[in-house]
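Enquirer: Once you've had a glance at the structure underneath, I'll fire off some questions.
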Amino acid sequence: MPTIMSTTCRHLLPSRPGSGPRARFRLGAPLPSCHNPNNDLPASHDVCSMSRSPLHSVLKVGSNTMVSRLLGFARDVILARLFGAGEMADAFFVAFRVPNLFRRLFGEGAFSQSFVPVLGEYRTTRSAEETRAFVEDVAGWLALTLALVTVVGMLAASAIVYAIAPGFADNPAKFALTVELLRITFPYLFFISLVALAGGILNTYGHFTVPAFTPVFLNLSIIAAALWWAPHLAQPAVAVAWGVFAGGVLQILFQLPALKRVGHLHWPRLRRRDPGVLKVLRLMGPAAFGASVAQINLFLNTILASLVGANVVSYLYYSDRLVEFPLGVFGVALGTVVLPMLSRQAAEQSPQFRHTLDWALRMTWLIGLPATIGLLLLGGPLLISLFRYGAYTAHDARESYLSLLGYGLGILPIIAARVLAPAFYARQNTRTPVKFGMISVATNMVLSLILAWPLQQLGLALATSFAALVNAVLLGRRLYRDESYRPMPGWALFLAKSSGLALLMGLLLYYFRGADSLWLALSMGERFLRLGVLILLATLLYLAGAWLLGVQEIRELLRRRLPHAG
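Counting from 487, one number per residue, gives the positions in the sequence shown under this note's numbering.
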């Protein structure tokens, strides 16, 4: 079996044999030397099944993430109808943002960036027994740390709320409600970080579907609480907070069968000091900051938003939800797939490291640019169509659109950073991203202080996007300087074609979009029908134009030519 797997996976990424290290990356081509020396799983479960077709994996993650994001929109429509953009909304969004920030510190971002490369190294160089022991020890120490942080966070809820939303102190009822909600939602940190551990294991073994689909259960839980429990309480936000708690439990339960299938459903333990655990801890310290730059910037914005004006926290939340759709569906999918690929290639010192990075950056531009233009032009209609019901007013939609303009400009640099940072983490270098992250946070803080009071939510969003751009530029420049990345041939023509098509798509949307007053006059069904037609026309124009102009990445995306895909 190892011989068969080695033969299957030894093909190189360049599309022409013998074309040299600067050969063009062929989308969907198999990746090199993805053998499994331990032979601890069947071939179908090996990393080969993941890496032979990076586009297939991205599409798989993205499609499942899209289901979650669509449910997330349904959740936010219900919350907008229930809360509007008032005091209860501000209280819930702050209480929900705190465990989400710590989730980035202990869970998805930092932990995955540190754990996946080390787990990949263990799979490559250690026995199956050593790998299982490593997973058990990591789970034990992570669970203990999370339990302590959760208890401290619940006990110190009042101090936390005062620190992150000092403006709420002027309204005792709002402050007290936020504290109560935070105590309910804080345990979500414990469950979701264990979900991140399970997801990291599954992604390393080439199983992307279950981790990508898991967030669906959080949205379903919140929707159920908002629809069937909240109406019966004096404070509906309390029911929604308990929905967050239940969502965390459901997510970890959903992943247990998949963990059993890959042979890593173990009891956590603290019985020995595994050197791999120490390595994860050393990497995780800086990675916790570097992987959380965007969340820390949002966290700082929350502090200022509570001070600069009424309901600004809610305006930022609703616009951020729209921006998170392309970031979540594509940005997260791309980063999720790229990290284990780069980690394996770095461990093997493979020249395909550059090719993988170049392909990911091309996909970032190809999807991120039209997503940015489309979101900026359709932001008003989207906010009206999704949220302008119940307590969420037309004024709220206009104010939310201001922050959407600022956040939308950050889509490309945020996705780029999610591609570039794994290039450092794959080589177990967490110090460089954290240094650049500190510069990014400082940039955001200075600009936020300058822009927050004159521009309020628009200024805070612009500061966040510019800070993301600074982070992406610094990461890319360092990779180029270290010769870890060199652009493959054809970038100039690729940029010209894709940019021209995105501009043409934007002109179409601008011409047919219509004024906000038109959208306000339409019914819900008419809004979504008109919105769907516009998005469909713009997408078809972009894809058809790319096909006719010979943009190879789009042609391969549409043809789904994925040889050797498992």
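The C-beta atom is built at its ideal place from N, Cα and C for all residues, glycine as well. Treat the numbers as computed from the prediction; the structure is a model and nothing was measured.
#1: Work out the CA separation of Val-815 and Ser-549 for me, nearest whole Å.
#2: Is the stretch 685 to 698 touching the stretch 637 to 649 in the sense that three or more CB pairs, one from each, lie closer than 8 Å?
#3: Near Leu-861, which residues of its chain fall below 6 Å by C-beta distance, leaving aside the five closest residues on each side in sequence?
#4: How far does the alpha helix (DSSP H) with Leu-1008 in it extend, from its first residue to its last?
#5: Quick one: complete alpha helix (DSSP H) runs, 4+ long, within the stretch 682 to 739?
#6: Cα separation between Arg-972 and Asn-957?
#7: So, with DSSP's three-state summary, where would you put Glu-1039?
#8: Taking the alpha carbon of Val-624 as the reference point, which residue from Asn-657, Ile-650, Val-766, Arg-747 has its own alpha carbon closest?
#9: In whole angstroms, what is the alpha-carbon distance linking Phe-952 and Arg-618?
#10: Is there contact here, the stretch 937 to 950 with the stretch 881 to 896, by at least three beta-carbon pairs under 8 Å?
#11: Leaving out five residues before and five after Leu-688 in sequence, what residues of the same chain have Cβ atoms less than 8 Å from its Cβ?
#12: Taking the alpha carbon of Gly-1036 as the reference point, which residue from Leu-1023, Gly-1018, Leu-979, Arg-1013 has its own alpha carbon closest?
#13: Please list the terminal residues of the continuous alpha helix (DSSP H) segment that includes Gly-896.
#14: Suppose the cutoff is 7 Å on Cβ atoms and the five residues either side in sequence are ignored; what does the same chain contact list for Ala-716 look like?
#15: On a CA-only basis, which of Glu-810, Leu-847, Ile-853, Ala-833 is nearest Gly-865? Give me that one, please.
#16: Who are the Cβ neighbours of Arg-1041 in its own chain at under 8 Å, not counting the five residues just before and after it?
#17: Going along the chain, which residues of its own chain have a beta-carbon closer than 8 Å to the beta-carbon of Thr-671, five neighbours each way excluded?
#18: Taking just the CA atoms, how far does Leu-790 sit from Thr-1139?
#19: In chain order, which continuous runs of the alpha helix (DSSP H) of length 4 or greater are located wholly inside the stretch 632 to 677?
#20: Rounded to a whole number of angstroms, what is the C-alpha to C-alpha distance between Pro-518 and Gly-606?
#21: Could you tell me whether the stretch 841 to 861 touches the stretch 897 to 909, using the rule of 3 or more Cβ pairs below 8 Å?
#22: Would Leu-898 and Thr-929 qualify as a contact pair, given that the criterion is a beta-carbon distance under 8 Å?
#23: Can you give me the Cβ contacts of His-750 inside the same chain, cut-off strictly under 6 Å, excluding the 5 residues immediately before and after it?
#24: So, under 8 Å CB-CB, Leu-1020 and Arg-999 are touching, yes? Tell me the CB distance rounded to an integer number of Å.
#25: Along the chain, where does the alpha helix (DSSP H) containing Arg-759 start, and where does it finish?
#26: Ignore the nearest five residues each way along the sequence and tell me which others in Leu-786's own chain have a CB closer than 8 Å to its CB.
#27: To which residues of the same chain is Leu-719 closer than 8 Å at the C-beta, ignoring the five residues directly before and after it?
#28: Output yes or no for whether 8 Å exceeds the beta carbon distance between Val-702 and Ser-554.
#29: Whole angstroms is fine: what's the gap from Leu-989's alpha carbon to Arg-848's?
#30: Can you give the Cα-Cα distance for Gln-599 and Gly-685, rounded to whole angstroms?
#31: If you check the beta carbons only, do Val-635 and Val-647 fall under 8 Å apart?
Expert: Short version:
#1: 7 Å
#2: no
#3: Gly-894
#4: Here Leu-1008 belongs to no alpha helix (DSSP H), and DSSP marks it neither H nor E.
#5: 695 to 699, 702 to 714
#6: 19 Å
#7: helix
#8: Val-766
#9: 43 Å
#10: yes
#11: Phe-694, Val-696, Pro-697, Gln-741, Ala-744, Leu-745, Val-748
#12: Leu-979
#13: Neither: Gly-896 is in no alpha helix (DSSP H) and is coded neither H nor E.
#14: Leu-568, Pro-722, Ala-725, Val-726
#15: Glu-810
#16: Ala-1032, Trp-1033
#17: Ala-581, Phe-582, Val-584, Pro-585, Ala-727, Val-730, Phe-731
#18: Given that the chain is displayed from residue 487 to residue 1052, the structure contains no residue 1139 and the question cannot be resolved.
#19: 643 to 650, 658 to 671
#20: Low local confidence applies: a pLDDT of 38 at Pro-518 is under 50, so the model's placement there is unreliable, and no value is given.
#21: yes
#22: no
#23: Val-621, Ile-687
#24: 7 Å
#25: From DSSP, Arg-759 is part of no alpha helix (DSSP H); its letter is neither H nor E.
#26: Val-927, Asn-930, Met-931, Ser-934
#27: Ala-725
#28: yes
#29: 17 Å
#30: 12 Å
#31: no
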